[in-house]
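Protein chains in written order, with this note's numbering: chain A, 438 to 656; chain B, 114 to 361. Take a look at the structure set out below.
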């Protein structure tokens, strides 16, 4: 049981860290001046919200399987397949939670406006310098929201991990999948325990988000 | 004589066609006024490099913009005071002042403590920017602009958003600033009283063009001194390295 919880937390943490790193430059680009292709890109990046997790999981499974074009590219590096591996699970979770990371960060960048970046430029900060010394700290609440949302979303995901994870104990078996298996095998006591833990976790997450979203508490 | 600012800027921004030739002496405050929409802010932004127009901008022997040359704002030695102060809200007053100072090339001729004194900020130095009055915000913005070690100070209606009381309280600081600085200052303002209180020269803009330039014989705050004397003083201060000093 602890092993399952550990796998879940590890997956959620790795996904959150990597996804914030990937999403930040994308969110920055989307928050800058409007271009038609940004609406298209925004829509594509939001697809995971609308698609059933099983559809996403199915496509990811195809993409991560040994014969896929993507994996063929990785063959020279000794990677044959990422399906049913922890790394594959991280990739799947990242795709699945992408909009949950991009949206709050993008909104925070948009709310900031051009003013602080222009002020920073007149204070001799190069664009890259200003990005790290002004934009990132000013958008910190967006980053905090994104981190909480992605972590929680990853802990709560089921469809995608079931499709591409395969529930290998110690590697790809996470809490939500374990609960499903426990119920299938009529082990309700254990299922109760894990389910209650997830319920408490979800409640805590929502509390944290509502505190983060409270306006007017800038620092 | 060391040259001050020499700029020629042309271009289309929205519905406005800007076509300006502007020279400023190496010291003194030039007020820039004119109806709203006449291009004052655009001119300020273009000089700062925030808006890109055609033409050239030279300050002293340095070229910021010319055919094939366009230095972005962070490579220009400008101080800009925006109408809304544009303080960085995630930093304290000290953090805002330090931001530009840390990035300015050494050696610093304008010192932190001098500017804090000049602008009367010592009591506010560790405050969060959200806990400042409008007048205090503008004083911080001015001090911050000075600490970037500018060769040109641009002020875009720094008092416009203030109530009359805050305006009156900030004018003495501006006058002190004026008397202690040896660099060209371009100051956008509407209020005649404000202009006569601090400016040596008046420039009027209409529909993207400079229509009128007027030299005030004697700045009211520098009574008893001739124009030539003032410029000689400014030149001396410039040679000495732009050191601001509060006149007690």
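Virtual Cβ for every residue (Gly too), placed ideally from N, Cα, C. Predicted model only: the values in this text are computed from it and were never measured.
Of the listed residues the options, nearest to residue i (C-alpha basis)
i: residue 383 of chain B; options: B/174, B/157, B/173 and B/172; result: Since the first and last residues shown for chain B are 114 and 361, residue 383 of chain B lies out of range.
i: residue 122 of chain B; options: B/150, B/183, B/144 and B/143; result: B/183
i: residue 648 of chain A; options: A/585, A/562, A/591 and A/543; result: A/585
i: residue 191 of chain B; options: B/161, B/174 and B/138; result: B/161
i: residue 263 of chain B; options: B/189, B/300 and B/274; result: B/189
i: residue 271 of chain B; options: B/260, B/307 and B/240; result: B/307
i: residue 139 of chain B; options: B/282, B/118 and B/213; result: B/118
i: residue 174 of chain B; options: B/120, B/229 and B/215; result: B/120
i: residue 309 of chain B; options: B/170, B/215, B/288 and B/133; result: B/288
i: residue 611 of chain A; options: A/527, A/644 and A/539; result: A/527
i: residue 485 of chain A; options: A/587, A/604, A/645 and A/628; result: A/587
Boundaries (first-last residue) of the alpha helix (DSSP H) holding residue i
i: residue 541 of chain A; result: 523-549
i: residue 281 of chain B; result: 277-293
i: residue 627 of chain A; result: 625-650
i: residue 230 of chain B; result: 225-231
i: residue 322 of chain B; result: No alpha helix (DSSP H) holds residue 322 of chain B; the beta strand (DSSP E) holding it covers 322-328.
i: residue 207 of chain B; result: 206-216
i: residue 590 of chain A; result: 577-593
i: residue 440 of chain A; result: 439-468
Beta-carbon spacing of residue i, residue j below 8 Å
i: residue 257 of chain B; j: residue 290 of chain B; result: no
i: residue 494 of chain A; j: residue 597 of chain A; result: yes
i: residue 267 of chain B; j: residue 558 of chain A; result: no
i: residue 523 of chain A; j: residue 618 of chain A; result: no
i: residue 244 of chain B; j: residue 200 of chain B; result: no
i: residue 176 of chain B; j: residue 561 of chain A; result: no
i: residue 136 of chain B; j: residue 300 of chain B; result: no
i: residue 223 of chain B; j: residue 252 of chain B; result: no
i: residue 131 of chain B; j: residue 155 of chain B; result: yes
i: residue 279 of chain B; j: residue 248 of chain B; result: yes
i: residue 582 of chain A; j: residue 594 of chain A; result: no
i: residue 203 of chain B; j: residue 489 of chain A; result: no
Neighbouring residues, chain B, relative to residue i (Cβ below 7 Å)
i: residue 574 of chain A; result: 203
i: residue 571 of chain A; result: 201
Cutoff 8 Å; reference residue i; Cβ partners in own chain excluding five residues on either side
i: residue 606 of chain A; result: 440 and 441
6 Å CB neighbourhood of residue i in its chain, flanking five on each side removed
i: residue 525 of chain A; result: 501, 519 and 601
i: residue 91 of chain B; result: Because chain B is modelled from 114 through 361, residue 91 of chain B falls outside the range shown and cannot be assessed.
i: residue 623 of chain A; result: none
i: residue 543 of chain A; result: 464, 467 and 468
i: residue 331 of chain B; result: Legend: pLDDT at residue 331 of chain B = 47, less than 50; position of this residue unreliable, no value from coordinates given.
Beta-carbon proximity list for residue i, same chain, < 7 Å, skipping 5 on both sides
i: residue 506 of chain A; result: none
i: residue 449 of chain A; result: 588, 591 and 592
Amino acids of chain A, ordered along the chain, whose beta-carbon sits closer than 7 Å to that of residue i
i: residue 264 of chain B; result: Ordered by position in chain A, no residue passes the 7 Å Cβ test against residue 264 of chain B, which lies about 12 Å from the chain.
i: residue 191 of chain B; result: 559
i: residue 261 of chain B; result: 560 and 561
Residue i: CB within 7 Å of a non-hydrogen atom of the ligand FAD
i: residue 476 of chain A; result: Ligands displayed in this structure: none; no statement on the ligand FAD is therefore possible.
Start-to-end residues for the beta strand (DSSP E) that takes in residue i
i: residue 119 of chain B; result: 118-126
Amino acids of chain A, ordered along the chain, whose beta-carbon sits closer than 8 Å to that of residue i
i: residue 216 of chain B; result: 560, 561, 562 and 566
i: residue 186 of chain B; result: 555, 558 and 559
i: residue 257 of chain B; result: 560
i: residue 212 of chain B; result: 557, 560, 562 and 570
Neighbouring residues, chain A, relative to residue i (Cβ below 9 Å)
i: residue 195 of chain B; result: 552, 555, 556 and 559
- Item | Interface residues of the region 144-163 of chain B facing chain C [CB-CB below 7 Å] | No chain C is present in this structure, whose protein chains are A and B.
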